[in-house]
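FYI, in our numbering the residues of the sequence shown are 835 to 1269.
All C-beta atoms, glycine included, are put in the ideal place defined by N, C-alpha and C.
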Amino acid sequence: MTETAFDDTVVIEGGHVLTPDFEVREADVLIDRAAGVVLDVDDDLDGDETLDATDSLVMPGLVNAHTHVAMTLLRGYADDKPLDSWLQEDIWPVEAELTPEDIRVGTELGLVEFITNGITGFADSYFEVPEIAAATEESGLRANLCHAFISVGKDDEGARADAQEGLDIAREFDGAADGRITTALMPHSLTTVETEYLEEFVPQAREAGVPLHFHANETENEVGPIVDDHGVRPLEYADDLGMLTEDDFLAHCVHVDETEIDLLAETGASVIHCPASNMKLASGIAPIQEMLDAGVNVGLGTDGAASNNDLDLFDEIRDAAMLGKLARGDARDVAAESAVRMATEGSASAIGLPVGELEAGGVADIAVVDFNAPHLTPVHDYVSHLAYAVRGSDVRHTICDGEILMEDREVKTLDEATIREQASEHAADLVARAE
Ligand SMILES: CSC[C@H]1O[C@@H](n2cnc3c(O)ncnc32)[C@H](O)[C@@H]1O
Ligand SMILES: [Zn+2]
């Protein structure tokens, strides 16, 4: 008997289902494990195996569209500072001590956290990407990965070598893990990578067919220097360099003006909103409702665990909805459905994953959320609860590409207890080396 003979069907039984048009109806969901697809969404389906979804909502897996997953090792290491001093005084010095093994363990810890919070796909940018790719393959998750490069503070040879590594990694890992891994080219930001390297490497990313992922307009400090040096707003500068296409995704975009929002809408480049990180680093409030009104695709990201400090995307959904109302003092802004759509189809479309909606014929990336809890009672409106009351810890089962990654809160693909122990040890040694 071959392995595919055991690759049976699984029926997620007895729950409610969130449909692509955001209706909620009672239905079972039948999955083909080998093909990784949803075969049917209907009443009374039969499968070879059953996952119980009583009192639960079956929904598309969440997609964390901007993170630095290995930064779990730095969770709580440096808090209560703005971006520039946080990076320069604390994060970059300790990151200089990171080993490939640290990054592997930190990534595994983050991936366990993703799975337990119902996240089935993510976009990561960091260093030692082979370690991140290996952990991702083992976890069963889907990801867009890249090596972030910086030129400021380096000589020409060092800057070019870093950017070349970014390009080589993007070429090498695209399509890895049976196609669950795709890649991007990541210039860290428009102020940390100088124009000559953008001019040299962005066209090469286009030739390789990989998208761009970069930090943009995160703080006021990233706007002034570009206006001074180039006489245009940062996203106009990025557009002049060919960095805005419908495949590209820009993290943060807090300080964007109307012209820049229009540019995003015209080019089809996506924005990844990171509300918790933007609040914690006091970066500002992104004009998300204005972007949505202009037709910009917006996804959601946690950013790294050192500026969040968890990897629970339900927090981001809630923060996006809450902060969106404060931005213009209008409680109608960033409504519940908009915020949930950002974390599913918005993120998936931004980072190029073929996921984000749950329907027959679609990809089987699924989170099953248990509503049998005091803080989710009564249920007037499932989508309201997803936006304002559900926590990552309410997720009961997580499935990616048809594989069950977590069943009844037990992670199947990674050894949670061992990873937590190793992560604590690696984090302690890392910090000791940095002192
Ligand atoms: C792009 S990954 C490499 C680099 O980025 C740093 N980083 C983490 N969070 C942020 C952020 O919000 N803005 C800019 N840079 C960030 C990370 O520590 C790595 O050094
Ligand atoms: Zn970031």
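Please confirm whether any heavy atom of ligand 1 lies closer than 7 Å to the CB of residue i.
| i | result |
| --- | --- |
| residue 1138 | yes |
| residue 1141 | yes |
| residue 1003 | no |
| residue 1020 | yes |
| residue 1134 | no |
| residue 907 | no |
| residue 973 | no |
| residue 942 | no |
| residue 947 | no |
| residue 1092 | no |
| residue 1172 | no |
| residue 1095 | no |
| residue 925 | yes |
| residue 929 | yes |
| residue 959 | yes |
May I have the straight-line CA-CA distance separating residue i from residue j, to the nearest angstrom?
| i | j | result |
| --- | --- | --- |
| residue 873 | residue 1194 | 5 Å |
| residue 1114 | residue 898 | 18 Å |
| residue 1052 | residue 1130 | 17 Å |
| residue 953 | residue 973 | 12 Å |
| residue 1099 | residue 1068 | 15 Å |
| residue 1038 | residue 1031 | 11 Å |
| residue 1166 | residue 857 | 20 Å |
| residue 835 | residue 843 | Per-residue confidence for residue 835 stands at a pLDDT of 35, beneath the threshold of 50, marking its modelled position as unreliable; the derived number appears in the next sentence. Straight-line Cα distance between these residues: approximately 17 Å. |
| residue 1225 | residue 1064 | 44 Å |
| residue 1132 | residue 1176 | 6 Å |
| residue 837 | residue 1189 | Note that residue 837 has pLDDT 43, beneath the 50 cutoff, so the model's placement of it is unreliable and no number is given. |
| residue 1251 | residue 1061 | 50 Å |
| residue 1077 | residue 1036 | 7 Å |
| residue 967 | residue 948 | 15 Å |
| residue 1040 | residue 922 | 32 Å |
| residue 1136 | residue 1233 | 20 Å |
| residue 852 | residue 989 | 52 Å |
| residue 1169 | residue 1268 | 44 Å |
| residue 1257 | residue 1128 | 43 Å |
| residue 869 | residue 910 | 40 Å |
| residue 1239 | residue 1126 | 33 Å |
| residue 850 | residue 1192 | 12 Å |
| residue 1218 | residue 881 | 31 Å |
Just checking residue i against ligand 2 - is the residue's beta carbon closer than 7 Å to any of the ligand's heavy atoms?
| i | result |
| --- | --- |
| residue 1050 | no |
| residue 1089 | no |
| residue 1085 | yes |
| residue 981 | no |
| residue 900 | yes |
Please identify the residue among the options whose C-alpha is closest to the C-alpha of residue i.
| i | options | result |
| --- | --- | --- |
| residue 957 | 1196, 976, 894, 1259 | 976 |
| residue 1142 | 1173, 944, 974 | 944 |
| residue 848 | 855, 911, 861, 1184 | 861 |
| residue 914 | 1230, 953, 1117 | 1117 |
| residue 864 | 1081, 883, 949, 991 | 883 |
| residue 969 | 1153, 1208, 961, 938 | 938 |
| residue 781 | 934, 1061, 931, 1015 | Lying outside 835 to 1269, the shown extent of the chain, residue 781 is not represented and no answer is given. |
| residue 1104 | 1136, 845, 1186 | 1186 |
| residue 1178 | 1151, 1003, 1157, 1020 | 1151 |
| residue 1028 | 1263, 985, 1266 | 985 |
| residue 845 | 1156, 1153, 1200 | 1200 |
| residue 917 | 911, 1263, 1112 | 1112 |
| residue 978 | 955, 1208, 965, 997 | 955 |
| residue 962 | 991, 1003, 900, 1121 | 1003 |
| residue 1044 | 1058, 1011, 1033, 1001 | 1001 |
| residue 1042 | 1066, 1012, 1081, 1227 | 1081 |
Less than 8 Å separating the beta-carbons of residue i and residue j?
| i | j | result |
| --- | --- | --- |
| residue 886 | residue 1206 | no |
| residue 902 | residue 1138 | yes |
| residue 867 | residue 1236 | yes |
| residue 1223 | residue 1173 | no |
| residue 1134 | residue 1106 | yes |
| residue 1248 | residue 942 | yes |
| residue 1056 | residue 1093 | no |
| residue 1070 | residue 1097 | yes |
| residue 940 | residue 893 | no |
| residue 1260 | residue 935 | yes |
| residue 879 | residue 1203 | no |
| residue 1050 | residue 1087 | yes |
| residue 1161 | residue 1119 | yes |
| residue 1022 | residue 983 | yes |
| residue 1140 | residue 995 | no |
| residue 1354 | residue 1145 | Within the shown structure, residues of the chain are numbered from 835 to 1269, placing residue 1354 beyond reach of any answer. |
Taking 7 Å as the cut-off, is the C-beta of residue i nearer than that to any heavy atom in ligand 3?
| i | result |
| --- | --- |
| residue 917 | Ligands present in the displayed structure are limited to ligand 1 and ligand 2, and ligand 3 is not among them. |
**Study point:** Runs of beta strand (DSSP E) wholly within the region 1131-1208 (minimum 3 residues, chain order)
**Key:** Listed in chain order, they are 1132-1134, 1200-1204.
Exercise for review: Taking only runs that begin and end inside the region 1005-1078, name each unbroken beta strand (DSSP E) of 3 or more residues, in chain order.
Suggested key: Correct list: 1015-1017, 1047-1050.
Exercise for review: Go through the region 958-986 residue by residue and report every complete run of the alpha helix (DSSP H) that reaches 4 residues or more, in order.
Suggested key: Listed in chain order, the complete alpha helix (DSSP H) runs (minimum 4 residues) inside the region 958-986 are 963-973.
Check your understanding: Where in the region 842-897 do unbroken runs of the beta strand (DSSP E), each at least 3 residues long, occur, reported from the N-terminal end onward?
Key -> Fully enclosed beta strand (DSSP E) runs of 3 or longer: 843-852, 858-866, 871-876, 883-886, 890-894.
**Study point:** Minimum length 3: unbroken beta strand (DSSP E) runs contained in the region 1096-1125
**Key:** Scanning the region 1096-1125 for uninterrupted beta strand (DSSP E) segments of 3 residues or longer gives 1104-1107, listed from N- to C-terminal end.
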